[in-house]
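Asker:
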Ligand code: GDP
Ligand code: MG
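Residue numbers (full-length UniProt numbering): 5 to 179.
Written as structure tokens, this is what we have:
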């Protein structure tokens, strides 16, 4: 059997959050183990995939990127349709991107399945000197809203793999 034939599940995951928090770079890091230094804002690519082993089954993660619509708050309900998981990303150096997280949770509650698994991500954790969001604030918010939480760096790769794998494992455990 080819790898494609051995895939037991395909999980759609959406990546959301304010513009420039590092959504596209997180996705490239997970899907291709790449970080692009001079990345332009996303155009074109709708999703990337990576197949991983979860509880001894091959799971293909189909991870959707917002393609820049987040600027106009124009992420459509089609984007959320069928999504089993969401990576909700803010930038630990931009307080505003964290203050907007509640709005993104409202978006998910309005447009996505009630059972969607949400992973809150504080990205750019490598920028230690310019931190504007204490991890405790995010931990508290995540507990209140029932979200999982990781701080990551798409640049160094720190915690990117554990965050995606945890999300996929949680989805696997609920489906
Ligand atoms: P998006 O608009 O949310 O998709 O953000 P991008 O992925 O395009 O990243 C926006 C900017 O932040 C780019 O200049 C990236 O190089 C930078 N960036 C993304 N992730 C990280 C990170 O983990 N650390 C640092 N230092 N910069 C990052
Ligand atoms: Mg992008």
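C-beta: ideal position from N, C-alpha, C; glycine also.
Given residue 68, which residues of its chain have a CB within under 8 angstroms of its CB, disregarding the five upstream and five downstream residues?
Answerer: As a working mapping, residue 68 is identified with position 64 in the chain shown. Closer than 8 angstroms at the Cβ level, and outside the excluded window around residue 68, lie 16, 17, 18, 19, 50, 51, 83 and 87.
Asker: How would you call residue 113, buried or exposed, if buried means at least 16 neighbouring beta carbons within 10 angstroms?
Answerer: Translated into positions along the chain shown, residue 113 becomes position 109. The residue in question, residue 113, is exposed, as its Cβ has fewer than 16 Cβ neighbours within 10 Å.
Asker: Any contact between the region 99-113 and the region 50-65? By contact I mean 3 or more CB pairs, one from each, below 8 angstroms.
Answerer: Verdict: no, contact absent.
Asker: If you check the beta carbons only, do residue 30 and residue 123 fall under 8 angstroms apart?
Answerer: Counted from its first residue, the chain shown places residue 30 at position 26. Counted from its first residue, the chain shown places residue 123 at position 119. No.
Asker: Could you check where the alpha helix (DSSP H) with residue 61 kicks off and where it finishes?
Answerer: As a working note, residue 61 is residue 57 in the chain shown. Not the alpha helix (DSSP H): residue 61 falls in the beta strand (DSSP E), residues 61-68.
Asker: Give the straight-line distance between the Cα atoms of residue 119 and residue 5, rounded to the nearest whole angstrom.
Answerer: To locate residue 119, count along the chain shown from 1; it is residue 115. To locate residue 5, count along the chain shown from 1; it is residue 1. Roughly 33 angstroms between the two C-alpha positions.
Asker: Please identify the residue among 178, 176 and 160 whose C-alpha is closest to the C-alpha of residue 33.
Answerer: Here residue 33 refers to the residue found at position 29 of the chain shown. Checking every option, the nearest Cα to that of residue 33 belongs to 160.
Asker: Answer yes or no: do residue 66 and residue 80 have a C-beta to C-beta separation smaller than 8 angstroms?
Answerer: Within the chain shown, numbered from 1, the residue matching residue 66 stands at position 62. Within the chain shown, numbered from 1, the residue matching residue 80 stands at position 76. Not a contact, by the Cβ cut-off of 8 angstroms.
Asker: Compute the Euclidean distance between the alpha carbons of residue 130 and residue 169, then round it to the nearest angstrom.
Answerer: What you label residue 130 is simply residue 126 of the chain shown in a count that begins at 1. What you label residue 169 is simply residue 165 of the chain shown in a count that begins at 1. Each residue's Cα considered, the two are about 20 angstroms apart.
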